[in-house]
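One gets the numbering used here by counting positions in the sequence shown from 1 and adding 59 to each.
Just so you know, even glycine gets a beta-carbon here, dropped at the ideal spot from N, CA and C.
If you're wondering where the values come from, they're calculated on a predicted model, not measured in any experiment.
Below is one structure, written out as structure tokens; comments come after it.
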Amino acid sequence: MLKTKTVKCTIYSKRLSNAGWTSSSILAHRFYGIVVISFLMTYDILQTYLMANIDWIILVTIFGVAIPTFLLQKGIQYCEPFVVMMSICFIPAFTFVFQLADPRIEWSTTSLIGVLMLFTLGVASIFSENK
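In structure tokens:
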């Protein structure tokens, strides 16, 4: 179900981009629901938590949400929705490689097999779509 919503969001974003909306305009309207739901779930501890963690919140907001989402929106603007969705399949491969540098995380052959399967099927899908 989540994948269906992601595909619909990607296609709708592509339509907005084709209609002349800029990436910034689309992103400005994308997260209303997330903000409202987050506030409702944390309103009682929000101020205390916010003040204690503001540095990390800003860091994650910029580098973990804003920049990746902006780049995704640019990809949607310049690529076909299918290519964008298949590219998202490559995220676990990048995550797996980055986690290898973290000594707290233990190597997992099962994870490697899963990541390689996603990566291989994603590449195969893109090549078969381009034929």
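Margin query: Output needed for I70: all residues of its chain with C-beta closer than 8 Å, excluding positions within five of it in sequence on either side, in chain order.
Written below: Excluding its 5 nearest sequence neighbours in each direction, I70 has C-beta neighbours in its own chain below 8 Å: P140, listed in chain order.
Check: Mind checking if P127 is an interface residue toward chain C, Cβ cutoff 8 Å exclusive?
Finding: Reference to chain C is not applicable here, since this structure consists of a single protein chain.
Next item on the list: Could you spell out where the alpha helix (DSSP H) holding P27 opens and where it closes?
Entry: A question about residue 27 goes unanswered here, because the residues of the chain that appear run from 60 up to 190.
Item checked: Where I121 falls, given that 16 or more other Cβ within 10 Å makes a residue buried -> exposed
Notebook entry, point to check: For V142, which of Y91, F155, L171, S184 has the nearest alpha-carbon?
Noted result: Minimum Cα distance to V142 is reached at S184.
Checklist line | Beta-carbon proximity check, F129 vs S187, cutoff 8 Å | finding: no
Note to self: Helix, strand or coil, according to DSSP, for V166 in the structure here?
What the structure shows: The residue asked about is misnamed: residue 166 is Trp in this sequence, not Val. W166: coil per DSSP, three-state reduction.
Next item on the list: Label G123 either buried or exposed according to how many other C-beta atoms from any shown protein chain fall within 10 Å of its C-beta, with 16 as the threshold for buried.
Entry: exposed
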